[in-house]
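Structure, as structure tokens:
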Amino acid sequence: MSRMPILLIEDDTDLRAAHQELLELAGYEVHCAADGREALTQLVRVSEWGLILLDIHMPRMCGEEFLAHLARRVCPIPLPIVVLSAHLARPPSGVLGLLTKPVSAGRLLDLARAHCLPVQQRVA
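Take the sequence shown: its position 70, counted from the start at 1, is 51 in the working numbering, and no numbers get skipped.
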């Protein structure tokens, strides 16, 4: 069975590229978005996500607006969202957790391994 893809939502170009490269070198399929609005477009292109890594402070549509939009739509399978932020003390409701930036390569890969499973294994 193949791994579930990752959606990386981060406005910092260098950080986004570094996380994408790390995850792709480890064998993960990574889709990227620079803000929440772009992420909504990416979200509908793939039927099932293994992990969504979400920055909170972004232009156009911030992470909190993205989460509010998701809360309004009906989603048959819960989306595994982890917030990456240097400015939050606790995670927003509806997400799996919060990682404080900078996030270590090991922690990022641990997250991917834990969540990028085929949907049958995630929901069981």
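Even for Gly, the Cβ is constructed at its ideal location relative to N, Cα and C.
Quiz item: What residue does the alpha helix (DSSP H) around L90 start on, and which one ends it?
Solution: The count along the sequence shown starts at 1 and reaches residue 90 at position 109. Its alpha helix (DSSP H) spans residues A86 to H96.
Quiz prompt | Cβ-Cβ separation, I(-10) to L51 (assumed contact under 8 Å), whole Å | solution = Walking along the sequence shown from the start, residue 51 turns up at place 70. Walking along the sequence shown from the start, residue -10 turns up at place 9. I(-10) and L51 do not touch by the CB rule: their CB atoms are close to 11 Å apart, not below 8 Å.
Self-check item: Per-residue DSSP class, three states only, for D(-7)
Solution: As a working note, residue -7 is residue 12 in the sequence shown. Of the three classes helix, strand and coil, the one that applies to D(-7) here is coil, per DSSP.
Quiz prompt | Contact check, A93 vs L32, beta carbons under 8 Å | solution = By one-based count along the sequence shown, residue 93 stands at place 112. By one-based count along the sequence shown, residue 32 stands at place 51. Yes.
Exercise. Return the CA-CA distance between L106 and S74, expressed in angstroms with no decimal places.
Key: Here the chain comprises residues numbered -18 to 105, so residue 106 is not present and cannot be evaluated.
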